[in-house]
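All residue numbers for the sequence shown refer to our numbering, where the first residue is 173 and numbers rise by one. Below is one structure, written out as structure tokens; the observations come after it.
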Amino acid sequence: MKLLEDRIMKDGLALSETILKVDSFINHQVDLTLMQEIGKVFASIYKDKGITRVFTIESSGIAPAAFTALELGVPMVILKKQTSKILVGDVYQTNITSFTKGTNYELTLSAKYISAGDKILVIDDFLANGEAASGAAKLVEMGGGSVVGIGILIEKSFQKGRKRLQDAGYQVTSLARIAKLSRGKVELTEADV
Numbered sequence: 173m174k175l176l177e178d179r180i181m182k183d184g185l186a187l188s189e190t191i192l193k194v195d196s197f198i199n200h201q202v203d204l205t206l207m208q209e210i211g212k213v214f215a216s217i218y219k220d221k222g223i224t225r226v227f228t229i230e231s232s233g234i235a236p237a238a239f240t241a242l243e244l245g246v247p248m249v250i251l252k253k254q255t256s257k258i259l260v261g262d263v264y265q266t267n268i269t270s271f272t273k274g275t276n277y278e279l280t281l282s283a284k285y286i287s288a289g290d291k292i293l294v295i296d297d298f299l300a301n302g303e304a305a306s307g308a309a310k311l312v313e314m315g316g317g318s319v320v321g322i323g324i325l326i327e328k329s330f331q332k333g334r335k336r337l338q339d340a341g342y343q344v345t346s347l348a349r350i351a352k353l354s355r356g357k358v359e360l361t362e363a364d365v
């Protein structure tokens with residue numbers, strides 16, 4: 173997606189060979205116009221797949237997932253990284269290791285927001301090793317749903333995430349793909365859109 177690629181090249185900052193900082197338009201300050209366009213693109217790709225809900229992991233995936241769900245006319249469900257006192261009743265959980273933060277967390281989905289037969293589109297901001305998206309897919313399947321697709325804003329194509337997800341049978345759509353990062357330098361490769 174040229175609009176996203178252009179924004180990465182203009183405002184993205186490569187901090188190392190593995191970390192791209194996009195806090196000025198995706199995950200701290202959010203460019204809602206860009207997110208709206210991203211939602212339209214994902215919705216156009218998956219519009220004929222019978223999507224019943226859009227899932228994302230808190231917090232950076234919320235904006236693009238919300239616009240995608242709005243375009244598709246379905247609910248958006250936020251998978252929680254931390255349990256809380258108000259998250260009661262039946263839940264599905266799986267342990268995730270965050271690539272960026274280097275920490276583990278328990279990804280949680282309330283059972284009341286997934287039904288047998290649900291067709292889920294998972295939206296996430298980054299794809300590195302596929303840990304978060306795999307965890308989200310696991311929760312969907314634990315709840316009796318199926319993952320129709322995984323939409324990624326920015327894929328680090330030099331890491332193993334895409335292969336891991338595709339080997340597990342998931343359709344992956346990345347709007348921007350990074351071929352290589354080095355301090356202060358971003359190299360893009362051909363994206364899916």
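Ideal Cβ placement from N, Cα and C applies to all residues, glycine included.
With 16 as the cutoff for other CB atoms within 10 Å, does residue 297 come out buried or exposed?
-> buried
Going by beta carbon distance, what residues of the same chain come within less than 6 Å of residue 314, once the five residues before and after it are set aside?
-> 264
What did DSSP end up calling residue 345 once you bin it into helix, strand or coil?
-> strand
Alpha carbon to alpha carbon, how far is residue 317 from residue 293?
-> 10 Å
State the Cα-Cα distance for the pair residue 320 and residue 359, rounded to the nearest angstrom.
-> 30 Å
Looking at C-beta atoms only, is the number of pairs between the stretch 215 to 223 and the stretch 270 to 289 that lie closer than 8 Å three or more?
-> no
Enumerate in chain order the residues of its own chain whose CB-to-CB distance from residue 312 is below 6 Å, with the five nearest sequence positions on each side excluded.
-> 292 and 319
Nearest CA to the CA of residue 353: which residue from 184, 179, 307 and 178?
-> 184
Exposure label - residue 236; buried when at least 16 CB within 10 Å = buried
First and last residue of the beta strand (DSSP E) that includes residue 297?
-> 291 to 299
Integer-rounded CB distance, given that residue 348 should sit under 8 Å from residue 173 | 6 Å
Entirely enclosed alpha helix (DSSP H) segments - the stretch 182 to 224, minimum 4 residues | 204 to 218
Could you have a look at residue 240 and say whether DSSP puts it in helix, strand or coil?
-> helix
Cβ separation of residue 215 and residue 187, assumed to be a contact under 8 Å, to the nearest whole Å = In fact, because the Cβ distance is near 32 Å, the residues do not count as touching under 8 Å.
Residues bridged to residue 248 [DSSP beta-bridge criterion] = 226
Is the Cβ-Cβ distance between residue 207 and residue 227 less than 9 Å?
-> no
DSSP three-state call for residue 357: helix, strand or coil?
-> strand
Give the straight-line distance between the Cα atoms of residue 346 and residue 324, rounded to the nearest whole angstrom.
-> 5 Å
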